[in-house]
Amino acid sequence: RTESGRCAEGRIALTGVGGIPTRARTAESLLIDTPLNAEVLGRVSEAVQGEVEPLSDFHGSSDYRRHLCGVLVQRALASMSEGSAEMSGLEPQDRLQVELEVNGESCSAEVEARKSLADFLREDLRLTGTHVGCEQGVCGACTVLLEGEPVRSCLMLAAQASGQSVETVEGLAPPEGPLHPIQEAFRKHHALQCGFCTPGFLMTLKAALVEPKEWNRESIRHLLSGNICRCTGYHHIVDAVETAARELHAR
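Numbering (my numbering), first residue to last: 183 to 433.
Written as structure tokens, this is what we have:
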């Protein structure tokens, strides 16, 4: 709540970060009786990062998620102060030039500063194999590879990918075939039904199966814990991963 351009009262709570919801009380105290300018928001962002205890999994380290908490809180507070003369920097509608490599091809485009990587891939490049589900980094349907590592493209800005390489599901195999071994294993074991979640699974596995490793069903389920499928019950997906791992490492 703001009064006369200053914050009179504020609450900051974060869910989906660690094991339990977190109230960032130290960060809240920095808001009181201050203008929501860039300097204040920077301090609040740092305080938030010191108060959260994120979990690590295959898709993101605790350090990355801690940084993201600070960024998202800062962005939300900046949005609340829209129109303030004291705010500086980029506005969401500002446009930026991005240059990146997508599926081995150079790409250059002008995008809005607020545009997510997922929307850029789908809307600007027409690579619609990257699906958008929850739009909060939970379901995994939007997973792509950034410099070979899986990322949630719904949580990343297109501008953040500039100067880097991105691989989407369209890059797994040429249009004329043959299928990538992971795709072939999914086909063989009927590891998909509606197919909405499948691109995210495939890209997660593309990154994970690069190095030889002894995969058992428990470790495969842990690997896939960040990708949600509402159709299959996962049994056939685990079968497909076992087969794909054997095929890739036999080469």
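Virtual Cβ for every residue (Gly too), placed ideally from N, Cα, C.
| Query | Result |
| --- | --- |
| 3 or more residues per run - each beta strand (DSSP E) lying fully within the region 267-314 | 277-284, 287-294 |
| Secondary structure of P356, DSSP reduced to three states | coil |
| Spatial neighbours of R277 in its chain, beta-carbon cut-off 8 Å, leaving aside the 5 residues before and after | E292, V293, E294, A295 |
| In DSSP terms, what T325 is bridged to | R334 |
| Nearest-angstrom Cα separation, counted from T350 out to H371 | 22 Å |
| Euclidean distance between Cα positions of T310 and S227 | 34 Å |
| Beta-carbon contacts of A367 that lie in its chain and below 6 Å, excluding the five residues immediately before and after | A422, T425, A426 |
| Between the CA atoms of S288 and R248 - distance to the nearest angstrom | 32 Å |
| N-terminal and C-terminal residue of the alpha helix (DSSP H) that S407 is part of | It is not in any alpha helix (DSSP H) - S407 carries neither H nor E in the DSSP assignment. |
| Chain-order list of residues whose beta-carbon lies under 6 Å from that of A390 (same chain, five-residue window excluded) | L405 |
| Cβ-Cβ distance between V199 and C251 below 7 Å | yes |
| Whether F378 touches N409 by CB criterion (7 Å) | no |
| R399 versus H313: straight-line alpha-carbon distance, rounded | 26 Å |
| Nearest to G232 (by Cα), restricted to the options T208, I214, L299, A220 | T208 |
| Nonlocal neighbours in the same chain, by C-beta distance under 6 Å from L299, ignoring five residues either side | S335, M338, A340, A343 |
| Assigned secondary structure, R183 (DSSP; H/G/I helix, E/B strand, else coil) | coil |
| Rounded distance between the beta-carbons of Q375 and T414, thought under 8 Å | 6 Å |
| For L218 and S263, the rounded distance between their alpha carbons | 6 Å |
| Cβ of V226 within 7 Å of any chain C Cβ | No chain C appears in the structure shown, which is made up of a single protein chain. |
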